[in-house]
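Here is the structure we will look at, set down as structure tokens.
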Amino acid sequence: MKESLHALAKDMLTSLRDLMPVVVVIGVFQLFVFQGPTGQLTEMLAGGLLVVAGLAFFIFGLRLALFPIGEGLAHALAKKGSVFWLVTFAFVLGFGTSVAEPALIAVVAEAAIVAANAGHIASSPEAMDAYAFGLRMTVAFAVGTALIVGVLRILLNWSLPIMIIGGYMLVLLLTSIAPEEIIGIAYDAGGVTTSTVTVPLVTALGIGLASSLKGRNPLTDGFGLIALAALAPILFVLLYGIVA
Amino acid sequence: MELVVNSLKFIANSAADVLPIMVFLFAFQRLVIGSPIPHWRRIAVGFLFVVVGLGLFLVGLEQTLFPLGRLMAKQLTDPDFLQAITGRGIEALVWQDYYWVYLFALAIGFSTTLAEPALIAVSMKAHEVSGGAIGIWGLRIAVAIGVGVGVSLGCYRIIDGQPLHYFIGAGYLVVIIQTSMAPKIIVPLAFDSGGVTTSTVTVPLVTALGLGLSEAVPGRSPLLDGFGLVAFASLFPIISVLAYGQLAVLRDRISKSDPDKRDKPEEDNHAL
Numbered sequence: 028m029k030e031s032l033h034a035l036a037k038d039m040l041t042s043l044r045d046l047m048p049v050v051v052v053i054g055v056f057q058l059f060v061f062q063g064p065t066g067q068l069t070e071m072l073a074g075g076l077l078v079v080a081g082l083a084f085f086i087f088g089l090r091l092a093l094f095p096i097g098e099g100l101a102h103a104l105a106k107k108g109s110v111f112w113l114v115t116f117a118f119v120l121g122f123g124t125s126v127a128e129p130a131l132i133a134v135v136a137e138a139a140i141v142a143a144n145a146g147h148i149a150s151s152p153e154a155m156d157a158y159a160f161g162l163r164m165t166v167a168f169a170v171g172t173a174l175i176v177g178v179l180r181i182l183l184n185w186s187l188p189i190m191i192i193g194g195y196m197l198v199l200l201l202t203s204i205a206p207e208e209i210i211g212i213a214y215d216a217g218g219v220t221t222s223t224v225t226v227p228l229v230t231a232l233g234i235g236l237a238s239s240l241k242g243r244n245p246l247t248d249g250f251g252l253i254a255l256a257a258l259a260p261i262l263f264v265l266l267y268g269i270v271a
Numbered sequence: 107m108e109l110v111v112n113s114l115k116f117i118a119n120s121a122a123d124v125l126p127i128m129v130f131l132f133a134f135q136r137l138v139i140g141s142p143i144p145h146w147r148r149i150a151v152g153f154l155f156v157v158v159g160l161g162l163f164l165v166g167l168e169q170t171l172f173p174l175g176r177l178m179a180k181q182l183t184d185p186d187f188l189q190a191i192t193g194r195g196i197e198a199l200v201w202q203d204y205y206w207v208y209l210f211a212l213a214i215g216f217s218t219t220l221a222e223p224a225l226i227a228v229s230m231k232a233h234e235v236s237g238g239a240i241g242i243w244g245l246r247i248a249v250a251i252g253v254g255v256g257v258s259l260g261c262y263r264i265i266d267g268q269p270l271h272y273f274i275g276a277g278y279l280v281v282i283i284q285t286s287m288a289p290k291i292i293v294p295l296a297f298d299s300g301g302v303t304t305s306t307v308t309v310p311l312v313t314a315l316g317l318g319l320s321e322a323v324p325g326r327s328p329l330l331d332g333f334g335l336v337a338f339a340s341l342f343p344i345i346s347v348l349a350y351g352q353l354a355v356l357r358d359r360i361s362k363s364d365p366d367k368r369d370k371p372e373e374d375n376h377a378l
């Protein structure tokens, strides 16, 4: 208990240090460029304290829960030796964490408006909802598929650079034939799916898996899942734009 | 009082995001692995910290950083501000006149990345599995430089009106060349860095900057030009982290200028 409190206090100090650069940047710009008032000081101070405490709590919980459970499950699945369950786990983790992601829901709603304005779909609420839902499922499916591919890559030792660079070449190719309004949404979709809770879990899954397989190095084989999870949605959304 | 209500609302939201994942993980462990989660009590407490921490972090950002950052992005791209600084109307401005925008993009991209929780998580893991060879701060600063430079260049693109895929294409060409030369152990981590940066803190501010710019600059549309900054923010960290790996090797070679070491590429992997 006393040890945990000590660790938490240390995390608070680290968070304070992590947030200092932002405070300095905002402060300097406010003072020297705008020379304006900085808003209500007490509110700012209270908000700042919440940010520091929140970040410290998150990092503390990360070490206590997200990392151990992700790695533990990866070890257990590797020991079980069932590729089926490993792949199922990877897909559900990717699909499940993306499909409910608030940032994604916001982006697809925006996309439906853009598509309706461009005349690609009818501007009735039903048509827009259907389009947004289709897009959301596409992105979630893309992330799930990316994690399957990523897990298979760790198992079968495929080359990550070839997959990533090949993937982005495909993205550039599809960009040139996709309808113009979908491009922005597609590039944004890659960013919105890699949320703060998903990243540690997925990283732990990759590293846990690579460290429990013989002949795999956690550093060279364990990382790479996030890269695939960020790439696949761009690809799938561009395809969705071309097909839909 | 309002802050307390807001905090509770944000904590409830983050619980709604995290709980389904937690239920899935616990159920999977129970039903497929067939054993209870080891130290499940500690893990449940950890999840509680994650939920509360994320909620407080977001409510605090909403209270302080986001409104200020959005306001600044708006002010910096305000035609009146640009006119006051350059003494010319917005129609007469050339891309060099937007220097405050580039500087702000660089500084805000760099500093928000350092506070990005997902990046802290990945750096902690990279530090751990590399046996301390990859420094937590080294990696984070490398990523932050990449995001800062990327966002700054992305702003230049919006102002100058060049097509997005020219930059992305050129960027990936650089990545391909670097990948063939950089030490192997840094490559997957570098690719991951691209996806990690685009989460909680950086995206809202960078998006506000992009939208503000594309509204202010004549001839740009927020729908077509406002995006793309996130793509820059994910591409450039790959380049900067690969460069970080290459620099570490270079430094190592200079410090022990023993000629036979040069012929052993496996030595490179210990240099980081």
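If you're matching them up, the sequences are chains A and B in order.
Residues 28 to 271 in this note's numbering are what the first sequence spells out, letter by letter.
Residues 107 to 378 in this note's numbering are what the second sequence spells out, letter by letter.
Every residue gets a Cβ at the ideal spot worked out from N, C-alpha and C, and that includes glycine.
Source: prediction; values computed, not measured.
Taking the alpha-carbon positions, what's the residue i to residue j distance?
i	j	result
A133 of chain B	P142 of chain B	9 Å
K367 of chain B	G334 of chain B	Confidence in K367 of chain B is poor, its pLDDT being 43 and thus under 50, which makes the residue's placement unreliable; the coordinate value appears in the next sentence. Answer to the nearest angstrom: the Cα atoms are 43 Å apart.
V219 of chain A	P245 of chain A	26 Å
E373 of chain B	V355 of chain B	No answer about E373 of chain B holds up, because its pLDDT of 45 lies below 50 and its placement is not dependable.
I210 of chain A	G159 of chain B	34 Å
A248 of chain B	G251 of chain A	18 Å
L164 of chain B	G81 of chain A	8 Å
G152 of chain B	I191 of chain A	34 Å
T285 of chain B	L72 of chain A	44 Å
G267 of chain B	H33 of chain A	52 Å
R243 of chain A	R180 of chain A	11 Å
V207 of chain B	T183 of chain B	7 Å
V178 of chain A	S239 of chain A	13 Å
L162 of chain B	L109 of chain B	10 Å
S361 of chain B	Q352 of chain B	14 Å
I189 of chain A	G235 of chain A	23 Å
E234 of chain B	R44 of chain A	21 Å
V55 of chain A	Q67 of chain A	17 Å
P206 of chain A	R194 of chain B	37 Å
E70 of chain A	V52 of chain A	19 Å
Hey, out of the options, whose CA is closest to residue i's CA?
i	options	result
L262 of chain B	B:V323, B:I214 and B:I345	The sequence shown places Tyr at residue 262 of chain B, not Leu. Of B:V323, B:I214 and B:I345, the residue nearest in Cα terms is B:V323.
T219 of chain B	B:P185, B:W243 and B:W201	B:W243
P173 of chain B	B:V312, B:R246 and B:Y272	B:V312
V253 of chain B	B:I274, B:S299, B:I265 and B:E234	B:S299
E153 of chain A	A:A139, A:F59 and A:T172	A:A139
L197 of chain A	A:L265, A:V50 and A:L35	A:L265
L341 of chain B	B:L154, B:G325 and B:F297	B:F297
S258 of chain B	B:P343, B:K290 and B:S305	B:P343
S203 of chain A	B:V281, B:Y272, B:L279 and B:F338	B:Y272
L120 of chain A	A:A92, A:A271 and A:V226	A:V226
A314 of chain B	B:M178, B:V255 and B:L199	B:M178
L200 of chain A	A:I261, A:L76 and A:L89	A:I261
L171 of chain B	A:A130, A:V50 and A:I212	A:V50
G379 of chain B	B:A288, B:G241 and B:I196	Not covered by the structure: residue 379 of chain B. The range shown for chain B is 107 to 378.
E168 of chain B	A:F94, A:L76, A:L91 and A:G88	A:L76
P289 of chain B	B:G215, B:H145, B:A349 and B:R176	B:A349
G108 of chain A	A:Y267, A:T230, A:V270 and A:K241	A:K241
V134 of chain A	A:I269, A:H102 and A:I212	A:I212
I269 of chain A	A:L162, A:L113 and A:T115	A:L162
Assuming residue i and residue j make a contact with CB atoms under 8 Å, what is their CB distance in whole Å?
i	j	result
V78 of chain A	L40 of chain A	Not quite, the Cβ-Cβ distance comes to about 14 Å (not below 8 Å), so this is no contact.
L232 of chain A	G99 of chain A	Going by Cβ atoms, the distance from L232 of chain A to G99 of chain A rounds to 10 Å, so no, they are not a contact pair.
P68 of chain B	A127 of chain A	In the structure as shown, chain B begins at 107 and stops at 378. Residue 68 of chain B is therefore absent and cannot be evaluated.
A237 of chain A	G249 of chain A	4 Å
L228 of chain A	L93 of chain A	6 Å
G215 of chain B	G175 of chain B	With 8 Å as the limit, G215 of chain B and G175 of chain B do not qualify as a contact, their Cβ atoms being about 11 Å apart.
I'd like the list of long-range same chain contacts for residue i, defined as Cβ closer than 7 Å, with 5 residues on each side in sequence excluded.
i	result
K370 of chain B	In this prediction, K370 of chain B scores a pLDDT of 43, lower than 50, which makes its location untrustworthy; no coordinate-derived value is stated.
A142 of chain A	I148, Y158 and E208
I265 of chain B	W201, Y204, L319 and V323
L209 of chain B	none
V157 of chain B	I117, S120, A121 and V124
I283 of chain B	none
A87 of chain B	Because chain B in this structure spans residues 107 to 378, residue 87 of chain B falls outside the shown range and cannot be described.
Excluding the 5 residues preceding and the 5 following residue i in the sequence, name in chain order all residues of the same chain whose CB lies nearer than 6 Å to its CB.
i	result
F263 of chain A	T165 and A169
V302 of chain B	A224, L225 and V228
C131 of chain B	Residue 131 of chain B is actually Leu in this sequence, not Cys. Excluding residues within five positions, none has a Cβ falling inside 6 Å.
A254 of chain A	I191
D38 of chain A	A83, I86 and F87
F187 of chain B	Q181
T192 of chain B	D203
E30 of chain A	none
Enumerate in chain order the residues of its own chain whose CB-to-CB distance from residue i is below 8 Å, with the five nearest sequence positions on each side excluded.
i	result
A221 of chain B	V307
V347 of chain B	L245, A248, V249, G252, I292, L295, A296 and S299
A337 of chain B	G260, L270 and I274
Taking only beta-carbon positions, decide if residue i is within less than 8 Å of chain E.
i	result
L100 of chain A	Judged by its chain identifiers, the structure shown contains no chain E, and its protein chains are A and B.
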